[in-house]
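Notes follow the structure.
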Amino acid sequence: MPQSFPSRPTDATLSVTKAARLLGVHPNTIRTWSDAGRLRYFRINSRGDRRYRLGDLQRFLASAAPTASGPSGHPAGGARRAGASSATEILAAARPREGEVDPLAAERHRLDLSVTTSLSRLASQATDAAAAFEAAAGVIRDTYGHRQVSIWELHADRLSPAVVAVAPDAVKPRLTDLPRSFGILGAALGVGASGQDAGGPEEGVLLTSAQETAVLPVVPDGRPELAVAIPGPDGPWGVLLMAGETAGSLGPHDLEAARACAAGLGALVSVTRRAADIDHLRHRAEALRRVASDIGSRLDLNRILTGLVDHALILFEGDAAAVFLQRNDGTVAAEVSRGLSNEYLNSLRSFPTRSLPAAAIKANQPLFSVGYRDDPRGADVRAAVVQEGFDTLCTAPLRDGSTVLGLLNVYHDRPHPWTESELETIAELADQAGVAIRAAQDYDRMATWAAQLQSIQQLGTRLNRLSGVTEIGLAIATELRQLIDYHNVRVYRLHGQELIPVAMQGQVGEYVDETPDQLRVTLGQGITGWVAVNRVAQNLANAAADPRANTIPGTEDDLDESMLLAPMLFDDQVLGVLVLSKLGLDQFSDDDLRLLVIYASFAAQAMANADATERLRDQSLALERQLRGQRELLQITESILTTLDAHAVLESITERLGGLISCDNIAIEVVDPAIGLLTPLTAHGIHREFYLEAWEPGETGVATWVVEHNEPVYIRDETNDPRVNHRDDGDPNDGSLIVVPLRNRGGAIGVLTIERLGAGNTFSYDEFELVQLFAAQVSIALQNAEVFQAVQVRARTDGLTGLLNHSTFEEWLARTVREGNRFSLIMLDLDDFRDVNNSLGHQAGDDLLRRIASELVRAGRDSD
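Residues -16 to 847, numbered by my numbering, are exactly what the sequence shown covers, in order.
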């Protein structure tokens, strides 16, 4: 009868003694079979006590029993049926006969298939690499009953323990990183003891306890070890290490099985890596989305930079990070940092040519350096890097279009080769951060500008209340102090070809003693004149070094001075220039310049309004003068129509004209036809006597030129016109003149002259026209007086001789008698006058009468 197994579960465990009793062999035989790897067992404590599962014993007997009749003709299992109890018989029965399959080999094959299947299943279902490797190591350990199974991951020149699985009765060791060339691990990777590559990974290395070798084991307790390289996509990914229970428990078959397991782990690596890559991409996209949402939803620059640094540290597992921003003066500063010393940050005020940040800016992409202290690209900052002690630096430019805003730096204390995926991630992060930083900076500027514009609008309102250019200039000089810090301000107005300062204020140094005459500038001269011509605002960091600048007389040539200049433009016309100065170099920013340009536009508006107000005032005054002139002309016309006294009319005209037009002298002169010279009729003003002087024969002047050409003349500057007769009384003969002709049907018969003294004190065109209108009235008055005089003469005189006629004599005689005045009479008789008429004719008689009358007039007195 065959020995029957006890009725126990197949996973029940038995001690060595009970297993030997069940199989009918000595316990040492059980231990021998176990050490040879033919019988599975489990260690239950550190002393090495073993336990055997009932199912494993059943499978061992089934595989050891012959499946056909042996050479002796005994049926299968004959040894067990005969009740054999010796180890020799059992071993003999367990050995395969010629032509039969080794049952132990079949069992090993089944185990190998089981491990391969499990690894394949893990590879197909793996989602977490660490959990998959943990499960794989457990499957290999449990299936083959190894003392220890560990998986080592290769990182550059170091091996790190990823997973360690030990037997239930073993203590899990504390494994640390080892050099890539260490012992059996390095041998499996094909790396010699010197650390040099020996031609690629080996197919596997087996160290037994009895083997004498220079290769160092990993498990330092004399147990056999087996190491096989785990393949990866670009070379060895790591090493699979197995440690047996006792000496001889690992053999060539285990090496082959380890290779198959390593291949399965390689597949698991590929799957988990792809899964990790996909997961990383997903997490990267999600992280970038969160980062973009986080920093993009903020407008506070410091919060944006803080969030950027914190996210970068998490995304790239950095030991330190910082954001450097460029400032207006060209320097850089760490706005936010984590994990960096103040000494290191303070040493970075710029990005030297031989530095990784400078190279990244030039390449316009993120760059990294492992072992940065020895990188030639960091030669100019090597001392600071060595002092700080980090190993790897990755730097990414923060850009807004083509403008570099700064850099995002991530530091690792240990070597960290950045992958393409990480570089792409930090590039995307830098792009998003650049947009957020620019938006925050723009928001800050807009907030500042809004406050400034509000202030400017208020100032503009105050300026628009002012009507005088000088008042506006002083207000500009005063109010600009609230917006921009400066030492000197000048407000220029453009008059013709000259820029004239209408206001200036100096607070310090040489600015205090400046005078308007020093500051007058010709259009196009110096930087102020250049700005007025080209209409382009300027920010001069060093005014003395600018070739366009002119040094103000009395000041230093090489004065360290910064300047802001902005043209005052209105309707595309330059009204003037605003100039701010400050001692020192680089004292003004571009924001200050923008502010000055805005303010200049408000100032130009105020100036234009003042000009318009002044023009309206002048036009009102001109219209008022025209209205007064029209009224005066009407009154003069009435005087002309009602008064036949020429002298009285002329006096009235000169008086009224002098009241309408501000002048210093006014005179009327007519041509005496008897002598052909100008004769003064009337004059008023400070030089009345000069204008009443009679003209000498052959004397010329403006008046004679006007009579000769019958054209009005307006002379703005008497000193520059050769036709002017200058007085010799010692007073300067400077001023302006208006001389217009007095006309009749035959041409010019006289002139009306009006003079205004003082350099630059000129007449207006409207005044010139008004004088011509008055001259026309003077001409009419003279013509009327001439006609009246002719009628009066004809009524009172004899038409032939011109002597008073009989009726006139009677009127005079009656008036004299009536008034009781004494008088005398002369009676004159011409003898033989008839003979002249008869002998020479009546024309000769008429001529004789005219000659006699002329002699009578010549001989008489004015009172006769």
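A virtual CB, placed ideally from N, CA and C, is assigned to each residue, including glycine.
Predicted, not measured: the structure shown is a model, and the values here were computed from it.
Note the first and the last residue of the continuous alpha helix (DSSP H) segment covering residue i.
{"i": "residue 219", "result": "Residue 219 -> not in any alpha helix (DSSP H); beta strand (DSSP E) instead, spanning 218 to 226."}
{"i": "residue 289", "result": "284 to 298"}
{"i": "residue 672", "result": "671 to 675"}
{"i": "residue 859", "result": "Missing from the structure shown is residue 859; the chain here goes from -16 to 847 and no further."}
{"i": "residue 453", "result": "452 to 462"}
{"i": "residue 170", "result": "166 to 172"}
Between residue i and residue j, what straight-line distance do the alpha-carbon atoms span, to the nearest angstrom?
{"i": "residue 606", "j": "residue 595", "result": "16 Å"}
{"i": "residue 302", "j": "residue 420", "result": "24 Å"}
{"i": "residue 55", "j": "residue 44", "result": "Low confidence applies here, because residue 55 scores a pLDDT of 38, under 50, leaving its location unreliable; read the following figure in that light. Rounded to whole angstroms, residue 55 to residue 44 spans 20 Å at the Cα level."}
{"i": "residue 770", "j": "residue 763", "result": "10 Å"}
{"i": "residue 342", "j": "residue 153", "result": "54 Å"}
{"i": "residue 199", "j": "residue 166", "result": "4 Å"}
{"i": "residue 257", "j": "residue 128", "result": "31 Å"}
{"i": "residue 833", "j": "residue 630", "result": "30 Å"}
{"i": "residue 801", "j": "residue 648", "result": "45 Å"}
{"i": "residue 32", "j": "residue 253", "result": "40 Å"}
{"i": "residue 843", "j": "residue 691", "result": "36 Å"}
{"i": "residue 73", "j": "residue -2", "result": "Below a pLDDT of 50, predicted positions are generally treated as unreliable, and residue 73, at 45, falls in that range; no measurement from the model is reported."}
{"i": "residue 900", "j": "residue 329", "result": "Here the chain covers residues -16 to 847 and nothing more, so residue 900 does not appear."}
{"i": "residue 388", "j": "residue 556", "result": "37 Å"}
{"i": "residue 397", "j": "residue 320", "result": "19 Å"}
{"i": "residue 223", "j": "residue 38", "result": "29 Å"}
{"i": "residue 583", "j": "residue 560", "result": "8 Å"}
{"i": "residue 749", "j": "residue 462", "result": "39 Å"}
{"i": "residue 608", "j": "residue 573", "result": "51 Å"}
{"i": "residue 63", "j": "residue 246", "result": "Low per-residue confidence applies at residue 63: pLDDT is 36, beneath 50, and the placement is therefore not dependable, though the value from the model is reported in the following sentence. Answer to the nearest angstrom: the Cα atoms are 41 Å apart."}
{"i": "residue 109", "j": "residue 295", "result": "29 Å"}
Using a Cβ cut-off of 8 Å (strictly closer), state whether residue i contacts chain B.
{"i": "residue 740", "result": "No chain B appears in the structure shown, which is made up of a single protein chain."}
Hey, could you find the ends of the beta strand (DSSP E) residue i is sitting in?
{"i": "residue 839", "result": "Looking at the DSSP string, residue 839 is not in any beta strand (DSSP E); the run it does join, the alpha helix (DSSP H), is 825 to 842."}
{"i": "residue 790", "result": "Not the beta strand (DSSP E): residue 790 falls in the alpha helix (DSSP H), residues 789 to 802."}
{"i": "residue 808", "result": "Neither: residue 808 is in no beta strand (DSSP E) and is coded neither H nor E."}
{"i": "residue 689", "result": "From DSSP, residue 689 is part of no beta strand (DSSP E) but of the alpha helix (DSSP H) over 685 to 692."}
{"i": "residue 307", "result": "303 to 309"}
{"i": "residue 351", "result": "350 to 353"}
{"i": "residue 325", "result": "Premise fails: residue 325 lies in the alpha helix (DSSP H), 325 to 330, not in any beta strand (DSSP E)."}
{"i": "residue 383", "result": "375 to 383"}
{"i": "residue 147", "result": "141 to 149"}
Ignore the nearest five residues each way along the sequence and tell me which others in residue i's own chain have a CB closer than 7 Å to its CB.
{"i": "residue 732", "result": "653, 654, 725, 726 and 765"}
{"i": "residue 155", "result": "147 and 149"}
{"i": "residue 401", "result": "351 and 377"}
{"i": "residue 95", "result": "240 and 243"}
{"i": "residue 202", "result": "131, 208 and 226"}
{"i": "residue 395", "result": "301, 302, 373, 374 and 375"}
Give me, in chain order, the residues of the same chain whose beta-carbon lies closer than 6 Å to that of residue i; leave out the 5 immediate sequence neighbours on both sides.
{"i": "residue 828", "result": "819 and 820"}
{"i": "residue 318", "result": "288, 306 and 308"}
{"i": "residue 736", "result": "650 and 722"}
{"i": "residue 360", "result": "339 and 342"}
{"i": "residue 835", "result": "none"}
{"i": "residue 587", "result": "551, 552, 553 and 558"}
{"i": "residue 523", "result": "529 and 546"}
Grab me the residues of residue i's own chain with a C-beta within less than 8 Å of its C-beta, minus the 5 sequence neighbours each way, in chain order.
{"i": "residue 505", "result": "480, 481, 482 and 512"}
{"i": "residue 567", "result": "543, 544 and 545"}
For the ligand MG, I want to know if residue i counts as a neighbour, meaning its beta carbon is within less than 7 Å of at least one of the ligand's heavy atoms.
{"i": "residue 141", "result": "Annotation note on the ligand MG: not contained in the displayed structure, which lists no ligands."}
(request) May I have a chain-ordered list of the beta strand (DSSP E) segments no shorter than 3 residues that lie completely inside the segment 544 to 591? (result) 544 to 553 and 556 to 566
(request) Answer yes if the segment 282 to 291 comes into contact with the segment 132 to 145, meaning at least three C-beta pairs across the two stretches below 8 Å, and no otherwise. (result) no
(message) Please give the ranges of any beta strand (DSSP E) in the segment 389 to 443, keeping only runs that are unbroken, at least 3 residues long and fully inside the region.
(response) For the segment 389 to 443, not a single whole beta strand (DSSP E) run of length 3 or above is found.
(request) Kindly confirm or deny that the segment 516 to 532 and the segment 430 to 446 touch, where touching means at least three C-beta pairs closer than 8 Å. (result) At 8 Å Cβ cutoff, the stretches do not touch.
(request) May I ask you to verify whether the segment 114 to 125 touches the segment 378 to 396, counting CB pairs closer than 8 Å and requiring at least 3? (result) no
(message) Three or more C-beta pairs under 8 Å: does that hold for the segment 510 to 524 against the segment 547 to 563?
(response) yes
(request) For the segment 410 to 428 and the segment 446 to 466, state whether three or more C-beta atom pairs, one from each stretch, are separated by less than 8 Å. (result) no
(message) Does the segment 404 to 418 come into contact with the segment 345 to 362, if we say contact requires no fewer than three beta-carbon pairs (one atom in each stretch) closer than 8 Å?
(response) By the Cβ criterion, the segment 404 to 418 is in contact with the segment 345 to 362, since at least three pairs of Cβ atoms, one from each stretch, lie closer than 8 Å.
(request) Identify every run of the beta strand (DSSP E) within the segment 691 to 760, keeping only runs that are complete inside it and at least 3 residues long; order them along the chain. (result) 696 to 698, 718 to 727 and 730 to 740
(message) Contact between the segment 802 to 817 and the segment 744 to 759 is defined here as three or more beta-carbon pairs at a separation below 8 Å; is this criterion met?
(response) no
(message) Can you confirm whether the segment 665 to 672 touches the segment 681 to 688 when touching is taken to mean that 3 or more C-beta pairs between the two stretches lie within less than 8 Å?
(response) no
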